[in-house]
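Data block below; observations after.
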Amino acid sequence: VQLQASGGGPVQAGGSLRLSCKASGSIFSINDMGWYRQAPGKQREPVATITSRGSTTIADSVKGRFTISRDNAKNTVFLQMNSLNPEDTGVYYCRAGPRLGIGTKTYWGQGTLVTVSS
17 VQLQASGGGP
27 VQAGGSLRLS
37 CKASGSIFSI
47 NDMGWYRQAP
57 GKQREPVATI
67 TSRGSTTIAD
77 SVKGRFTISR
87 DNAKNTVFLQ
97 MNSLNPEDTG
107 VYYCRAGPRL
117 GIGTKTYWGQ
127 GTLVTVSS
């Protein structure tokens with residue numbers, strides 16, 4: 017499975033960005049897709065995930081500001097980020113988890129940088 021992320025960039029505080037991650041390859045082997053982020057000097061942390069059926073999990077730090085969605089027909093997951101603040105700055109990584117009973121691997125995209133200025 018290959019994950020191609022896009023949509024990052026510089027933005028001012030209060031602004032919005034939309035990240036996209038398109039999966040290709042052995043799509044049948046993955047289930048949940050989502051986003052992690054890593055701020056400078058910090059560990060990578062989960063931001064949001066969505067299963068193939070549309071169940072979502074959102075980190076408390078972004079709840080109410082970020083929305084995750086998925087287009088299964090296009091094998092693409094989106095992260096709509098609103099009301100961004102400087103603490104949201106970091107590299108955002110797309111992740112795809114294995115489908116139970118079929119897949120065994122977790123896949124990561126190359127990361128896309130989000131920089132929020134005050």
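Using this note's numbering, the first residue of the sequence shown is number 17, and each one after it goes up by one.
Even for Gly, the Cβ is constructed at its ideal location relative to N, Cα and C.
Computed from a predicted model, the values in this text were never measured in an experiment.
- In the same chain as Ile-74, and ignoring 5 residues on each side of it, the C-beta atoms closer than 6 Å to its own belong to Ala-64, in chain order.
- When Cβ pairs closer than 8 Å are counted between the two stretches, the region 112-125 is seen not to touch the region 54-61, the count staying below three.
- A Cβ-Cβ contact shorter than 7 Å links Gly-24 with Val-130.
- For Glu-61, the uninterrupted beta strand (DSSP E) segment begins and ends at 61-66.
- Leu-116: not part of any beta strand (DSSP E); DSSP gives it neither H nor E.
- Taking the Cα of Ala-21 as reference, the smallest distance to any Cα among Arg-60, Asn-91, Cys-37, Tyr-108 is reached at Cys-37.
- For Val-78, no beta strand (DSSP E) segment is defined, and its DSSP state is neither H nor E.
- In this structure, Val-132 and Leu-95 do not form a Cβ contact; the two beta carbons are roughly 14 Å apart against a cut-off of 8 Å.
- The beta carbons of Gly-80 and Tyr-109 sit no closer together than 7 Å.
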